[in-house]
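Q: I am attaching a structure below and will ask some questions about it afterwards.
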Amino acid sequence: MIVAENLGKQWKGFSLQNVTFQLPKGYILGLIGENGAGKTTLLKLLLNVYVPTEGEILLDGRRYQQEEEKIKQDIGFVMQEDLFIPGFTLEENGDYYGKYYERFSKGQFLKLLHQFTLNEKDRFGKLSKGEKLKFQFAFALSHKPRLLILDEPTANFDREFRAQFLKLITEFIADGEKSVVMATHNTQDLDQIADYIGFLHQGKMVLFTDRKSLENRYRIVQGERYRIKNLPKQDCIYIEEKKYSWKALMRHRRWRNYEKELEVHVPTIEELMCCLLKANEGKRGEFLC
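Count along the sequence shown from 1, add 1488, and you get the number used in this note's numbering.
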């Protein structure tokens, strides 16, 4: 579905560098990283809002340079910017922008608005931030895309709608023909739905892997100070010293047995990101992971 090869973008003092990854059909990619790491820049490159300074993007084997109109028919998006007309009602916005999509279904669009508790007669400019994101999501689904690109889509959703949103995303890819790229700070969402994780740091993709490999690769180990200090140093990525116990992020080995007095678990995405950022704080050169 998506192939990014040595992708780069120079933009207002920021540099996205040598980003390479592949996302197959039928999977969800979660993009993580601190503010300013390059997540939104990468999404805008995938949307062809930005043109790469170097490298290329293939979507189903197609390049924007040759088939931009066809590619855009297959992409739905939810972005943080207000991209719709403030003075138009939701229905008017749907009619206006829907005419650019061959597979747009007004019936599906109105059905989704009602499902998301939005009134089609309300003006877009009067909506709250969360309601605007709901509207974007309804519009994106209503033209039957094959790829969804989502920038912090759940940031302003309440718990109930967030659960509904995540369910719809998993249903979207269920036929194995569609994919999702989602950048978010709500890493708990990715714990639930992501198949692949891409970790961006200072404009570089420092980690790209499927979830199964991630779960096999790392462990959080907690226990008494002397037990943590006895862990193999070559596989110890980060140690956090606490008053009553220490915590370590370890590269896991299948044959490794940990002392029974130690608490061991697979890190959440949030734990992994935080530990890796702390392990590399102030360092130059290759990212330690």
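Idealized CB from N, CA, C, for every residue including glycine. Bear in mind that the values here come from a model prediction, so they are computed numbers and not experimental data.
#1: Measuring alpha carbon to alpha carbon, tell me which of Q1680, D1698 and K1622 ends up nearest F1687.
#2: One question on the structure: do E1764 and L1750 come within less than 9 Å of each other, judged by their Cβ atoms?
#3: For K1532, does the count of other Cβ atoms within 10 angstroms reach 16, so buried, or fall short, so exposed?
#4: Exposed or buried, what is R1707 when buried is set at 16 or more other beta-carbons lying within 10 Å of its beta-carbon?
#5: Write down every uninterrupted run of the alpha helix (DSSP H) in the stretch 1694–1742 whose length is 4 residues or greater and which is fully enclosed by it, in chain order.
#6: Quick check on DSSP: helix, strand or coil for A1662?
#7: Could you check whether Y1515 and V1668 sit closer than 9 Å to each other, using their CB atoms as the reference points?
#8: Output yes or no for whether 9 Å exceeds the beta carbon distance between E1590 and D1679.
#9: For L1615 and F1623, which I take to be in contact (beta-carbon distance under 8 Å), what is that distance rounded to the nearest angstrom?
#10: DSSP three-state call for E1748: helix, strand or coil?
#11: Tell me, which residues are paired with A1492 by DSSP?
#12: Find the nearest neighbour of D1562 within the set T1642, V1694, E1665 and E1579, judged by alpha-carbon distance.
#13: How many angstroms separate the CA atom of N1644 from the CA atom of H1673?
#14: Among M1761, A1671 and R1647, which one has its Cα closest to the Cα of Q1568?
#15: Give the range of the alpha helix (DSSP H) segment to which Y1515 is assigned.
#16: Between the C-alpha atoms of L1636 and F1625, what's the straight-line distance to the nearest angstrom?
#17: Considering only C-alpha positions, which residue in the set Q1690, T1658 and E1542 is nearest to G1770?
#18: Taking three-plus beta-carbon pairs below 8 Å as touching, is the stretch 1653–1661 in contact with the stretch 1572–1592?
#19: Kindly indicate which three-state DSSP category F1502 falls into: helix, strand or coil?
#20: Just verifying my parser: in three-state terms, what is the DSSP assignment at M1761?
#21: Can you list, in chain order, the stretches of the beta strand (DSSP E) that have 3 or more residues and sit fully within the stretch 1560–1632?
#22: Helix, strand or coil: which one does DSSP assign to Y1538?
#23: Determine the burial state of P1720: buried for a count of at least 16 other Cβ atoms within 10 Å of its Cβ, exposed for fewer.
#24: Leaving out five residues before and five after F1592 in sequence, what residues of the same chain have Cβ atoms less than 7 Å from its Cβ?
A: If we stick to the structure as given:
#1: Position 199 of the sequence shown, counted from the first residue, corresponds to residue 1687. Of the listed residues, the one whose Cα sits closest to F1687 is D1698.
#2: As a working note, residue 1764 is residue 276 in the sequence shown. As a working note, residue 1750 is residue 262 in the sequence shown. Here residue 1764 turns out to be Leu, not Glu, going by the sequence shown. Cβ atoms of L1764 and L1750: not closer than 9 Å.
#3: Indexing the sequence shown from 1 puts residue 1532 at position 44. Per the 10 Å Cβ criterion, buried.
#4: Taking the sequence shown and counting its residues from 1, one reaches residue 1707 at position 219. Answer is buried; the Cβ neighbour count reaches 16.
#5: 1699–1705 and 1713–1717
#6: Numbered from its first residue, the sequence shown carries residue 1662 at position 174. Residue state, collapsed to three classes: coil.
#7: Counting from 1 along the sequence shown, the entry for residue 1668 is found at position 180. Counting from 1 along the sequence shown, the entry for residue 1515 is found at position 27. Yes, they are a contact pair.
#8: Within the sequence shown, residue 1590 is the residue found at index 102, counting from 1. Within the sequence shown, residue 1679 is the residue found at index 191, counting from 1. No, the pair does not count as a contact, with Cβ atoms beyond the cut-off.
#9: The residue given as residue 1615 occupies position 127 in the sequence shown. The residue given as residue 1623 occupies position 135 in the sequence shown. Rounded, the Cβ-Cβ distance is 7 Å, consistent with contact.
#10: Along the sequence shown, read from residue 1 onward, the residue named residue 1748 stands at position 260. The amino acid at residue 1748 is misidentified as Glu; the sequence shows Lys. Coil at K1748, not helix or strand.
#11: Start at 1 with the first residue of the sequence shown, and residue 1492 comes out as number 4. A1492 is bridged to F1509 and I1545.
#12: As a working note, residue 1562 is residue 74 in the sequence shown. Ranked by how close their Cα comes to the Cα of D1562, the residues T1642, V1694, E1665 and E1579 have E1665 in first place.
#13: By 1-based counting over the sequence shown, the position of residue 1644 is 156. By 1-based counting over the sequence shown, the position of residue 1673 is 185. Cα to Cα, the separation comes out at about 12 Å.
#14: The sequence position of residue 1568 within the sequence shown is 80, counting from 1. When M1761, A1671 and R1647 are compared, the shortest CA-CA separation from Q1568 is found for A1671.
#15: The count along the sequence shown starts at 1 and reaches residue 1515 at position 27. Neither: Y1515 is in no alpha helix (DSSP H) and is coded neither H nor E.
#16: For the purposes of this step, residue 1636 is taken as the residue at position 148 of the sequence shown. For the purposes of this step, residue 1625 is taken as the residue at position 137 of the sequence shown. If you take the alpha carbons of L1636 and F1625, they lie about 9 Å apart.
#17: Residue mapping note: residue 1770 aligns to position 282 of the sequence shown, counting from 1. Nearest C-alpha to G1770: Q1690.
#18: no
#19: Sequence index remark: in the sequence shown, residue 1502 carries index 14 (1-based). In this structure, F1502 counts as strand in the three-state DSSP scheme.
#20: Position 273 of the sequence shown, counting from 1, holds the residue named residue 1761. The answer is helix: DSSP assigns M1761 an H, G or I state.
#21: Qualifying beta strand (DSSP E) stretches, in chain order: 1563–1566.
#22: As a first step, residue 1538 is located in the sequence shown; it is residue number 50 there, counting from the start. Y1538: coil per DSSP, three-state reduction.
#23: On the sequence shown, residue 1720 is found 232 positions in, with the first residue counted as 1. P1720 comes out exposed.
#24: Start at 1 with the first residue of the sequence shown, and residue 1592 comes out as number 104. So the qualifying residues of the chain are G1586, S1630 and H1631.
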